[in-house]
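Inspection log for the structure reproduced underneath, given as structure tokens.
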Amino acid sequence: MNCIDLRSDTVSWPTPDMRQAMADAQVGDDVFGEDPTINQLQAEAARRLGKEAGLFVASGTMGNLVAILAHCGRGDEVILGDKSHTFVYEAGGIAALGGIMPHTLPVQPDGTLPLDMIRHAVRPDNIHMPITRLISLENTQGTVGGIPLPKPYMDAVGAVTKENGLTLHVDGARIFNAATALDCDVADLVAAVDSITFCLSKGLCAPAGSVLVGSAAFIDKARRIRKLVGGGMRQVGVLAAAGLIALEKMTLRLHEDHHHARLLAEGLAQMPQIEIDLARVQTNMVFFYLRESAGITAPALTKKLGAQGIRIMPMGERGFRAVTHYWIRAEHIPQILNAMQKELS
Ligand SMILES: *Cc1c(COP(=O)(O)O)cnc(C)c1O
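Residues 885 to 1229 in the numbering used here are what the sequence shown lists, from first letter to last.
Structure representation (structure tokens):
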């Protein structure tokens, strides 16, 4: 990469071996179910997450949309976080295309939705009310700093789901970051979940794509809906070839990104102009804030860092989000800290 880009892990380029695998990929028509590389990716994704079947989709947004449309009918209600990606950043797709009601609960600082609030949000059998159909969680929870939701919590929500005859979907865009941070098996982490999407294209470096996994019957339904939203693609094995490397190799190195995030956070914590809660840096995201005394705003500092080849995401007047990924190497961390120090002093 030609700059140090911390704005997101979505900016990561495919790795050299991904580009090679893409060039060599065997392909077929995936709408006919004939792309061998896609079929291999879908089977491998399902196996890794402990579910029956998988479906390649164009993006995480499409994965969540297809999943929620498959789980819910018009007028049904989905319980999800008020700071969840699906509620805030997916263009209102579930309402626009599915007539599905979002019932939001406040995302807690630890990324969870309180269990008693979930129980309370489930509608009773009453003709005045929408029918609660689905609970949707996000793991890691991005907007609170990439916080992983641990297995006991996932299992507890799974139990509430079952008690109430509902289904549980997980937006696991960064589920492998969660499993890495929690040092647990990813299939174990989502054992209580009915369906889950994860992104091949973020920290896992593939150029595009997500995979939705769940039961074979659910995936059959989801495949039809993917076609409906224009997501039936043809010789898409070229993307799956990169996706297989993402799944098989890149999931094994995420601890490096987490380590780099920690080094960055610890360096930032040394700067008197910066406020940061180190306990909240648990995966590949670093949220930090400029103190009043810094005498510069986040957008202004962003501009100055940009001039030095360092790209970062300002959040409001004082906040920042920095995300580590494969293309942020260990030697970049002191470079970033030095640049920051220079601009702040
Ligand atoms: C990135 C992301 C998605 C999907 O984003 P796309 O850009 O559509 O791939 C969904 N959920 C979360 C939490 C994300 O971070």
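Using N, Cα and C, we set each Cβ at its ideal position, and we do this for glycine too.
beta-carbon residue i near ligand 1 non-hydrogen atom, thresh 7 Å
i: residue 945; result: yes
i: residue 1026; result: yes
i: residue 894; result: yes
i: residue 961; result: no
i: residue 1130; result: no
i: residue 1089; result: no
i: residue 1275; result: Residue 1275 cannot be examined here, being either before or after the span of the chain that is shown, 885 to 1229.
i: residue 1085; result: yes
i: residue 1020; result: no
i: residue 1048; result: no
i: residue 969; result: yes
i: residue 1168; result: no
i: residue 1094; result: yes
i: residue 951; result: no
i: residue 1106; result: no
i: residue 1057; result: yes
i: residue 1010; result: no
i: residue 948; result: yes
Separation of residue j from residue i, as counted between CA atoms
i: residue 1222; j: residue 1196; result: 15 Å
i: residue 982; j: residue 975; result: 13 Å
i: residue 1155; j: residue 945; result: 37 Å
i: residue 1093; j: residue 1022; result: 18 Å
i: residue 1024; j: residue 900; result: 27 Å
i: residue 1194; j: residue 1040; result: 42 Å
i: residue 914; j: residue 885; result: 32 Å
i: residue 911; j: residue 917; result: 11 Å
i: residue 1203; j: residue 1100; result: 43 Å
i: residue 1199; j: residue 1172; result: 9 Å
i: residue 1088; j: residue 969; result: 19 Å
i: residue 1211; j: residue 1048; result: 44 Å
i: residue 1259; j: residue 1082; result: Because the chain spans 885 through 1229 in this model, residue 1259 falls outside it and cannot be assessed.
i: residue 935; j: residue 1201; result: 43 Å
i: residue 1007; j: residue 1080; result: 24 Å
i: residue 1121; j: residue 1018; result: 32 Å
i: residue 1059; j: residue 904; result: 26 Å
i: residue 1141; j: residue 1161; result: 18 Å
i: residue 1034; j: residue 1098; result: 20 Å
i: residue 1169; j: residue 966; result: 20 Å
i: residue 980; j: residue 1158; result: 41 Å
i: residue 1043; j: residue 1213; result: 41 Å
i: residue 919; j: residue 1118; result: 8 Å
i: residue 950; j: residue 1192; result: 41 Å
i: residue 1127; j: residue 897; result: 13 Å
i: residue 1009; j: residue 1016; result: 9 Å
i: residue 930; j: residue 1070; result: 11 Å
i: residue 1174; j: residue 1227; result: 12 Å
i: residue 1032; j: residue 1103; result: 26 Å
i: residue 996; j: residue 1076; result: 16 Å
i: residue 1108; j: residue 956; result: 14 Å
i: residue 1111; j: residue 1224; result: 47 Å
i: residue 978; j: residue 1134; result: 31 Å
i: residue 925; j: residue 1124; result: 6 Å
i: residue 1073; j: residue 1002; result: 20 Å
i: residue 1028; j: residue 1020; result: 16 Å
i: residue 1113; j: residue 1152; result: 44 Å
i: residue 933; j: residue 902; result: 22 Å
Per DSSP, the bridge partner or partners of residue i
i: residue 1109; result: For residue 1109, which the question treats as bridged, DSSP gives no partner whatsoever.
i: residue 1037; result: None, per the DSSP bridge assignment.
i: residue 1022; result: 1055
i: residue 1080; result: 1054, 1097
i: residue 961; result: 985, 1016
i: residue 1199; result: 1203
i: residue 1174; result: 1158
i: residue 1236; result: In the structure as shown, the chain begins at 885 and stops at 1229. Residue 1236 is therefore absent and cannot be evaluated.
i: residue 938; result: 1097
i: residue 1031; result: 1025
i: residue 1169; result: 1207
beta-carbon residue i near ligand 2 non-hydrogen atom, thresh 7 Å
i: residue 1061; result: Questions concerning ligand 2 fall outside what the structure shown contains, since the ligands it does hold are ligand 1.
Every unbroken alpha helix (DSSP H) within the segment 1115-1159, with a cutoff of 4 residues, ordered by chain: 1121-1132, 1138-1153
Residue ranges of each beta strand (DSSP E) within the segment 968-1003, 3 or longer: 985-989
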